[in-house]
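S.K.: Numbering that gives the first Met the number 0 puts the sequence shown at residues 0 to 154. Here a beta-carbon is modelled for each residue, glycine too, at the ideal position from N, C-alpha and C. Have a look at the structure that comes next, please.
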Amino acid sequence: MTQARGPAEAQSSVGVEAFPYGKLAMISSVCFASAISFSGLFPYAGFMVADLMHISPNESGFYAGYLSAAMMLGRMFSSVPWGVYADTHGRKPTLLIGLISIALTSVSFGFSQNMYMALASRFLLGLFNPIIGKIALFCSQFSCSALTCLCFHPM
C-alpha cells in the first residue's frame, strides 16, 4: 500500500510537475488587489457620495450604486479588447498593465473632488483592468492538467 503524496512532491516517473507555489502566490496577490479595488469602496461609498454631492447620508445610497456600476460598465466595454490584447502581446504584460491601472485609478478615486471625477475614475478602473478575465487563463497556463484544479481553488 502506497502513501498519498502531497501536491508539493514531484512525481517525475509519472510526469506530474511540482506544485507552483510561487506563481500561485503572485496570482493570488494580483487577484486580491483587483478584488480590493472593486469592493473596497462599499463601506464608505454612501458617506463619500454625501460629502461629494452635499446631500444627507440617507439620500446618498442611490448615487453610491452608480460608483460600483461605473466600474462594471467599463469592464463590459473592455473585456473583449483586453482578451485580444492578451492573445497578441501576452498575459504577463496584460496583468502588469492591470496592476498599474489599479494603482493609478484608485489614487485618482481617492482624491476625487466631485462626483463626476469619482465616476470617471471608477469607469477608467473598469476600462483598464483586465485582471479578472485573465486570471483563469494564467492559472491554467502555468500548471499541468493534474494540478489545475488545485490552482483554481484559492482564486
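Note down the Cα distance separating V48 from P19, rounded to an integer number of angstroms.
M.R.: 43 Å
S.K.: Rounded C-beta distance between L82 and G60? I'm assuming under 8 Å.
M.R.: Checking the sequence, you will find Gly at residue 82 rather than Leu. So it is not a contact: roughly 34 Å between Cβ atoms.
S.K.: Whether or not the region 114-126 and the region 86-98 are in contact is what I'm after, with contact meaning three or more pairs of Cβ atoms, one per stretch, closer than 8 Å; do they touch?
M.R.: no
S.K.: What alpha helix (DSSP H) runs, 4 residues minimum, are completely inside the region 15-59?
M.R.: 20-38 and 44-52
S.K.: Buried or exposed for N128, going by 16 or more other Cβ atoms inside 10 Å?
M.R.: buried
S.K.: I'd like to know if the region 27-44 and the region 59-73 are in contact, where contact means that at least 3 CB-CB pairs between them fall below 8 Å.
M.R.: yes
S.K.: Helix, strand or coil for G64, going by three-state DSSP, please let me know.
M.R.: helix
S.K.: Between A135 and A24, what straight-line distance do the alpha-carbon atoms span, to the nearest angstrom?
M.R.: CA-CA distance, A135 to A24, rounds to 14 Å.
S.K.: Starting from G109, trace the alpha helix (DSSP H) in both directions and tell me its first and last residue.
M.R.: R90 to G109
S.K.: Going by C-alpha distance, which of F41, A102, L98 and G21 is nearest Y65?
M.R.: F41
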